[in-house]
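Residue numbers for the sequence shown follow the numbering used here, beginning at 9 and rising by one.
Yeah, the Cβ is synthetic: ideal placement off N, Cα and C, and Gly gets one too.
Please read these numbers as outputs of a predicted model, since none were measured by experiment.
Notes to accompany the following structure.
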Amino acid sequence: MADTSTVQGLLLQEAQQEIASLRNDLYNTRRIAEDRRVSITAISTDNAQLKDKLSVSESTVLQLQQQLTVFEAIEKQLVSAKEDIHNLQQELQMSVQARRVLQEELGHERKHLADLGQAKAMLESERSVLQRAKDDLAAQLRVASHRAQEAEQEQVNAEEEAASLRSELARLQHSELGMGMSSAHASTSHMEDMQQVGALRHSDQSASLQQALENERSRAASLLDSMNTLRLETQSLKQQLAVAKQQLADGPCNPSPQVLVEEAVALRFKLQASDARVCQLEEELRLSIAAASQQQQQQQLGATTEASAESNYHLGRPTLTDGGSQSSHLPEATLQHGTAPHVPYQHQQQGGRPPRHHRVSSGGGSESAAVDGSTGLVDESALVAELQKRQAQVLQLKQSRDKLLEEIDSQWEEMDRLAAENRAVAEELSVQRRLAVNWEAQAQDALSNVERLKGLLEESASWEVGELASAAGSTAPRTGSAVQAAAVGSDPAAAAALRLRALHTALLEEKAKSADLELGMRALAAELVRAQHASVSIGRSVLPALSGIEHRLGGMCRKAQCQVEEAISLT
């Protein structure tokens with residue numbers, strides 16, 4: 009017990025250390041995720057500031073563009089805008105179709121989740137039903153084993169009664185022989201006739217006793233056959249329970265869990281039928297014992313009355329009644345010859361066995377006592393051997409019952425483990441669905457960003473067209489004199505064009521920076537999702553470790569309990 013307690017303490021320490029390390033890892037991952045969230049918020053604020061700057065620069069560019077644009081550029085922009093609108097409409101239709109498909113898939117997933125919830129509730133209800141069936145089966149097995157023990161005890165008592173009947177028959181035969189030898193001195197011829205009559209009567213009585221013994225033996229044999237059939241039925245029930253255990257071990261993939269409930273109900277009915285048969289056998293044993301005892305009492309009373317009548321007839325005395333004292337009317341001749349008075353046989357109150365020795369003084373009486381003692385010893389040895397055999401059978405039945413209960417317990421442990429795995433799978437499914445929702449949101453954001461970038465590219469293309477037009481307008485006056493070129497160089501339109509070009513380059517640089525920041529933000533968001541997935545996987549990995557530790561602790565506790573029970577049984 010000390011070793012098991014130390015091992016349990018070590019296992020608990022290891023489990024606590026593993027849980028502490030897992031908690032530290034979870035804390036570190038959460039801290040990293042929080043830091044990344046903070047960095048993402050900072051990047052988002054910087055992006056907002058850049059967007060404000062871009063809006064300011066765009067407003068200035070628009071003001072300059074309003075001064076420099078021409079009608080041809082506007083027409084070209086309109087044409088390109090129509091084409092882009094057509095393309096965007098097509099993309100919008102495709103996105104709407106994709107959204108519809110995603111909504112249908114989401115509806116299917118929700119229906120599947122509802123079906124899983126219903127299946128879980130059904131499994132819980134079936135589990136409760138199976139638990140009740142298990143309790144009923146265990147109680148019925150205990151009652152059946154108790155009744156089988158009582159039936160075996162009744163059978164042993166019946167065999168003891170049969171042995172007592174055999175010993176009583178031998179004693180009556182020897183006593184009748186002794187009485188015949190003592191009465192031979194009185195009257196020879198009449199005695200021979202009476203001996204013949206008594207021999208016939210005793211032969212009839214012995215035949216009746218032998219018939220009763222044969223009946224009892226046949227009844228005992230039939231009871232043994234019925235007990236064997238009950239044992240076979242118990243073995244078949246055990247095999248059916250093993251098959252049910254195998255079906256439960258197949259897991260939640262079983263398409264028809266109601267079959268298990270039906271089998272449990274059928275097993276319950278079979279056990280009830282076996283209990284009814286055990287009750288019937290017990291009743292038959294009681295009736296046979298009562299009939300045997302009643303028949304034995306009647307035969308004893310008839311033998312005593314006949315013996316007293318014959319002795320009184322030979323000695324010239326009246327027949328005694330059942331309540332009279334036979335020893336008070338015995339003649340002096342019988343006392344002088346030394347023959348013992350005949351006392352009717354009665355069962356002992358303690359065990360119902362006949363006395364081993366009779367107090368006689370004649371030679372015939374001593375021989376009958378010796379034969380009676382030898383038969384009693386043989387019967388006792390046979391009864392002891394039979395009792396030992398029955399005790400071994402009872403112990404074997406108890407061991408098989410304990411094994412059956414252990415198998416049922418292991419079966420329920422397997423069911424609990426499968427239920428825990430089912431819950432873990434359901435949790436993982438919910439986590440994967442949340443991740444899918446997050447990825448879908450990120451995809452929507454990416455689509456919106458792509459559309460925004462398309463708009464920016466269109467605006468940049470329009471700006472390039474305006475610059476080309478302004479450049480074409482500025483090269484035409486340069487074909488004149490150098491004075492005109494200097495005038496054009498000093499023209500504010502050229503300065504505005506240069507300023508517009510500088511702003512355009514700055515705008516492109518800011519767009520590149522914003523794109524880089526946005527890509528970094530998306531990378532951080534993906535890293536955050538991966539960190540969440542890692543934390544969830546760590547949480548899932550804790551469950552098998554804890555279940556394994558719990559299983560080992562339960563096995564050690566069961567082993568310790570078995571060792572304690574063995575030590576108690578040995579002591």
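Asked: I'd like to check one pair, Lys142 with Ile576: are the Cβ atoms closer than 7 Å?; Found: no
Asked: With burial defined as no fewer than 16 other Cβ atoms inside 10 Å of the residue's Cβ, what is the status of Arg179: buried or exposed?; Found: buried
Asked: Tell me the rounded alpha-carbon separation between Gln97 and Val137.; Found: 60 Å
Asked: Are the Cβ atoms of Leu527 and Ile51 separated by less than 7 Å?; Found: no
Asked: Helix, strand or coil: which one does DSSP assign to Gly563?; Found: helix
Asked: By a C-beta neighbour count over all protein chains shown, 10 Å radius and 16 as the cutoff for buried, is Leu177 buried or exposed?; Found: buried
Asked: So, for Leu455: in the same chain, excluding its five sequence neighbours on each side, which residues have a beta-carbon less than 8 Å away from its beta-carbon?; Found: Ser103
Asked: When you compare the CB positions of Ile48 and Leu532, do they come within less than 7 Å of one another, or not?; Found: yes
Asked: Go through its chain and collect everything with a Cβ distance to Asn457's Cβ below 8 Å, but skip five positions before and after it.; Found: Glu526
Asked: Near Leu62, which residues of its chain fall below 8 Å by C-beta distance, leaving aside the five closest residues on each side in sequence?; Found: Leu515, Glu518, Lys519 and Ser522
Asked: Would you report the Cα separation of Leu461 and Glu448, rounded to the nearest angstrom?; Found: 20 Å
Asked: Do you know how far the Cα of Lys406 is from the Cα of Gln181?; Found: 45 Å
Asked: On the CB-based measure, 16 or more other CB atoms within 10 Å of its CB, does Met423 come out buried or exposed?; Found: buried
Asked: Taking buried to mean at least 16 other C-beta atoms within 10 Å of its own C-beta, is Leu508 buried or exposed?; Found: buried
Asked: So is Glu169 buried or exposed if we call it buried at 16+ other beta carbons inside 10 Å?; Found: buried
Asked: Between Glu574, Gly115 and Met529, which lies nearest to Gln450 when the distance is taken from Cα to Cα?; Found: Met529
Asked: Between Val537 and Asn446, is the Cβ-Cβ spacing less than 7 Å?; Found: yes
Asked: Going straight from the alpha carbon of Ala393 to that of Ala166, what length do you get?; Found: 15 Å
Asked: State yes or no: is the C-beta of Ser153 within less than 7 Å of the C-beta of Arg398?; Found: no
Asked: Is the beta carbon of Val439 less than 7 Å from the beta carbon of Gln157?; Found: no
Asked: Please go through the same chain and pick out, in chain order, the residues whose beta-carbon is closer than 7 Å to the beta-carbon of Gln16, but skip the five residues on each side of it.; Found: Leu561 and Met564
Asked: Measure the alpha-carbon distance for Gln219 versus Ser418 and round it to whole angstroms.; Found: 53 Å
Asked: Where Arg155 and Glu117 are concerned, what is the direct C-alpha to C-alpha distance, given to the nearest angstrom?; Found: 56 Å
Asked: Exposed or buried, what is Gly163 when buried is set at 16 or more other beta-carbons lying within 10 Å of its beta-carbon?; Found: Here residue 163 turns out to be Gln, not Gly, going by the sequence shown. Gln163 should be labelled buried.
Asked: Distance, Cα to Cα, Glu459 vs Leu121?; Found: 35 Å
Asked: Drop a sphere of 10 angstroms on the beta-carbon of Ser183, count the other beta-carbons inside from all chains shown, and report buried for 16 or more, exposed for fewer.; Found: buried
Asked: Are the Cβ atoms of Ala568 and Thr12 separated by less than 7 Å?; Found: yes
Asked: Identify, in the order they occur along the chain, each residue of the same chain with its Cβ nearer than 7 Å to the Cβ of Asp54, setting aside the five sequence neighbours on each side.; Found: Leu525
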